[in-house]
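Undergrad: This is the structure I have questions about; it appears just below.
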Amino acid sequence: MRILAIETSCDETALSVVDASGGLENSRFEVLENLIISQIDVHRPWGGVVPNLAKREHQKNLPKLFTKLKERINLTSIDLVAVTSGPGLAPALWQGIEFAKKIGEEYNKPVVGANHLEGHLYSVLLPRKQDTASTKIQTPNPKESISGMEFGAWNLEFPAVALLVSGGHTILALFKSLTEYEKLGETRDDAVGEVFDKVARMLELPYPGGPEIERVAKDGNPKAIDFPRPMIHEPSYDFSFSGLKTAVLYHLRDHSPAVTTPLKIRGAGGSYDQRADIAASFQAAAVDVLTQKTLRAANEFAARSVFIGGGVAMNKALRHELAKKCQEEGLVFAAPDNAYNTDNAVMIAAAAYINHLTGKTYSMEAQPNLNL
1 MRILAIETSC DETALSVVDA SGGLENSRFE VLENLIISQI DVHRPWGGVV PNLAKREHQK
61 NLPKLFTKLK ERINLTSIDL VAVTSGPGLA PALWQGIEFA KKIGEEYNKP VVGANHLEGH
121 LYSVLLPRKQ DTASTKIQTP NPKESISGME FGAWNLEFPA VALLVSGGHT ILALFKSLTE
181 YEKLGETRDD AVGEVFDKVA RMLELPYPGG PEIERVAKDG NPKAIDFPRP MIHEPSYDFS
241 FSGLKTAVLY HLRDHSPAVT TPLKIRGAGG SYDQRADIAA SFQAAAVDVL TQKTLRAANE
301 FAARSVFIGG GVAMNKALRH ELAKKCQEEG LVFAAPDNAY NTDNAVMIAA AAYINHLTGK
361 TYSMEAQPNL NL
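Counting in UniProt numbering, the sequence shown runs from 1 upward without gaps.
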């Protein structure tokens with residue numbers, strides 16, 4: 001089945017063409033085209049995504065990408081058009097949905113909605129350049145084109161525990177099979193990716209903050225500051241990161257002459273920039289919570305595999321710690337190629353294909369609050 005997929009849930013405009021084949025136990029995905037236009041530069045001056053700006057950029061970028069796609073692919077060969085219907089920003093979602101409907105009408109093809117969150121989790125089935133189930137994790141360019149790659153679906157062992165970590169979501173789920181899952185817990189306040197961005201802003205690091213925190217943290221001591229690990233010992237599998245964010249803010253308030261740059265601590269030996277220690281200590285606290293809760297769930301539900309997805313799944317510290325702990329526990333650990341962790345349309349094609357095999361459908365209306 002050849003699928004044309006569209007993703008416009010937030011600040012990435014993405015189109016893909018994927019050849020999908022096989023059944024649930026042996027799905028295969030060949031990526032023919034993976035086109036993405038990022039809006040990071042548009043939203044950077046605002047320190048976050050502005051919905052109306054995102055809508056405007058999608059309106060501008062969708063025709064550009066579609067023109068490029070038509071030059072490379074004979075669209076009469078398409079069997080199905082898939083588009084993200086949620087969750088996400090309503091104005092952004094509608095741009096993709098309406099564009100998908102027009103393609104369906106023009107080429108007389110069926111159009112289906114897809115769940116963005118399922119897309120992130122099914123990314124683990126997509127082509128990989130390296131074995132990401134290793135403790136030796138490498139991070140390729142997330143925007144690098146990987147068209148033409150072919151890969152057989154990862155043979156996950158079930159039951160499996162999945163951790164979805166992104167700018168808008170932090171969810172722990174139990175997969176009894178590839179298509180039978182239940183949510184174990186989620187964040188009660190800020191998503192972990194959102195907190196990375198907010199802490200980066202406190203440290204006056206550029207947007208998006210997640211990669212910047214990771215970059216600066218490399219030069220810091222993760223044990224320099226004992227930040228709290230919220231809800232790490234609570235029996236539920238919910239998360240809370242607002243307290244960790246506040247702890248960073250209070251540390252800056254109490255230890256800095258001013259909360260503005262330069263963020264320096266004055267001591268007997270003069271002054272020095274402590275952003276690296278703050279970033280490293282914050283990152284360590286967040287990774288501890290995510291890792292311990294995930295492994296506890298894996299043990300409680302006798303999982304045989306652990307897999308992750310979402311933009312924060314690109315974080316090397318998180319991937320390394322999860323891979324190491326899974327190895328110690330004798331669990332399979334799987335993570336997508338980083339090219340598919342940030343928002344993309346290939347993952348939407350994968351989700352649409354898995355749902356096609358089971359007959360599961362999603363509305364063609366924008367569903368900004370859609371969940372797992």
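Even glycine gets a Cβ: it sits at the ideal position worked out from N, Cα and C.
It should be emphasised that the depicted structure is a prediction, and the values quoted were computed from it without experimental measurement.
Who are the Cβ neighbours of Asp343 in its own chain at under 7 Å, not counting the five residues just before and after it?
TA: So the qualifying residues of the chain are Glu7, Ser9, Cys10, Glu12 and Ala14.
Undergrad: Let's see if you can read the secondary structure: which residues bound the beta strand (DSSP E) around Thr8?
TA: Premise fails: Thr8 is in no beta strand (DSSP E) and is neither H nor E.
Undergrad: One question on the structure: do Val192 and Leu290 come within less than 8 Å of each other, judged by their Cβ atoms?
TA: Yes.
Undergrad: Strictly by DSSP, which residues pair up with Arg2?
TA: Arg2 pairs with Asp19.
Undergrad: So, for Thr294: in the same chain, excluding its five sequence neighbours on each side, which residues have a beta-carbon less than 7 Å away from its beta-carbon?
TA: Closer than 7 Å at the Cβ level, and outside the excluded window around Thr294, lie Val161, Leu163, Leu172, Val306 and Leu322.
Undergrad: Under three-state DSSP, which class holds Lys183?
TA: Here Lys183 sits in strand by DSSP.
Undergrad: Residue range of the alpha helix (DSSP H) that Leu126 falls in?
TA: Leu126 -> no alpha helix (DSSP H), and no H or E assigned at all.
Undergrad: For Lys101 and Val111, what's the separation of their Cα atoms in angstroms?
TA: Their backbone Cα atoms lie some 7 Å apart in a straight line.
Undergrad: Among residues of its own chain, excluding the 5 on either side of Ser177, which ones have a beta-carbon nearer than 7 Å to its beta-carbon?
TA: Closer than 7 Å at Cβ, skipping near neighbours: Phe158.
Undergrad: When you compare only the Cα positions, how much space is there between Arg229 and Ala298?
TA: For Arg229 and Ala298, the distance between alpha carbons rounds to 19 Å.
Undergrad: For Pro336 and Gln59, I'd like the C-alpha separation in whole angstroms.
TA: Straight-line Cα distance between these residues: approximately 29 Å.
Undergrad: Can you tell me where the beta strand (DSSP E) with Asn355 in it begins and where it stops?
TA: Where Asn355 is concerned, there is no enclosing beta strand (DSSP E), although the alpha helix (DSSP H) it sits in stretches over Val346 to Thr358.
Undergrad: When you compare only the Cα positions, how much space is there between Arg319 and Met202?
TA: One C-alpha to the other measures close to 25 Å.
Undergrad: Could you name the residues that DSSP lists as bridge partners for Thr13?
TA: The partner list for Thr13 (beta bridge, DSSP) reads Ile37.
Undergrad: I'd like to check one pair, Tyr362 with Asn61: are the Cβ atoms closer than 8 Å?
TA: Going by C-beta atoms, Asn61 is not nearer than 8 Å to Tyr362.
Undergrad: At the level of alpha carbons, what is the spacing between Val18 and Thr84?
TA: If I take the Cα positions, the gap works out to 15 Å.
Undergrad: Output the distance between the C-alpha atoms of Val259 and Lys245, rounded to the nearest integer angstrom.
TA: For Val259, the predicted structure reports a pLDDT of 41, less than 50, and the residue's modelled location is therefore unreliable. A value from the coordinates is still provided. Distance between the alpha carbons of Val259 and Lys245 is about 14 Å.
Undergrad: Arg304 and Val332: beta carbons closer than 8 Å?
TA: Yes. Within cutoff.
Undergrad: Do the CB positions of Ile3 and Ala82 come within less than 8 Å of each other?
TA: Yes. Within cutoff.
Undergrad: Around the Cβ of Glu353, are there at least 16 other Cβ atoms within 10 angstroms (buried) or fewer (exposed)?
TA: Looking at the sequence shown, residue 353 is not Glu but Tyr. It is buried - the Cβ of Tyr353 has at least 16 other Cβ atoms within 10 Å.
Undergrad: How far does the alpha helix (DSSP H) with Leu178 in it extend, from its first residue to its last?
TA: Run containing Leu178: none; DSSP gives neither H nor E here.
Undergrad: Provide the residue span of the beta strand (DSSP E) that contains Asn115, from first to last.
TA: Asn115 -> beta strand (DSSP E) spans Val111 to Asn115.
Undergrad: Could you tell me which of Ser38, Tyr107 and Asp277 sits nearest to Leu53, measuring between CA atoms?
TA: Per the Cα distances, Ser38.
Undergrad: With which residues is Phe66 paired in a DSSP beta bridge?
TA: In the DSSP output, where bridge partners are listed per residue, Phe66 has none listed.
Undergrad: Check the DSSP bridge columns for Val332 and list the partner residues they point to.
TA: Paired residue(s): Ser305.
Undergrad: Rounded to whole angstroms, what is the Cα-Cα separation between Trp94 and Arg56?
TA: Between Trp94 and Arg56, the C-alpha separation is close to 12 Å.
Undergrad: Could you tell me the alpha carbon to alpha carbon distance between Asp288 and Pro51, rounded to whole angstroms?
TA: Looking at the two C-alpha atoms, the distance is approximately 32 Å.
Undergrad: Return the CA-CA distance between Gly88 and Ala284, expressed in angstroms with no decimal places.
TA: So the two alpha carbons sit approximately 28 Å from each other.
Undergrad: Buried or exposed for Tyr207, please, with buried defined as at least 16 other CB atoms from any protein chain shown within 10 angstroms of its CB.
TA: By the neighbour-count rule (16 or more Cβ atoms within 10 Å), Tyr207 is buried.
Undergrad: Based on the DSSP output, what are the partners of Thr84 in its beta bridges?
TA: Paired residues: Ala114.
Undergrad: What separation, rounded to the nearest whole angstrom, lies between the Cα atoms of Ala268 and Gln274?
TA: A caution first: Ala268 carries a pLDDT of 34, below 50, which makes its placement in the model unreliable, though a value can still be read off. Cα to Cα, the separation comes out at about 15 Å.
Undergrad: Can you give me the C-alpha to C-alpha distance between Ala20 and Asn315, rounded to a whole angstrom?
TA: Approximately 29 Å, taken between the alpha carbons.
Undergrad: Kindly indicate the opening and closing residues of the beta strand (DSSP E) around Ala162.
TA: Note, Ala162: beta strand (DSSP E), Ala160 to Val165.
Undergrad: Any idea what DSSP makes of Thr76, helix, strand or coil?
TA: The answer is helix: DSSP assigns Thr76 an H, G or I state.
Undergrad: Rounded to whole angstroms, how far is the Cβ of Met364 from the Cβ of Gly119, which I believe are closer than 8 Å?
TA: 16 Å between Cβ atoms; not a contact.
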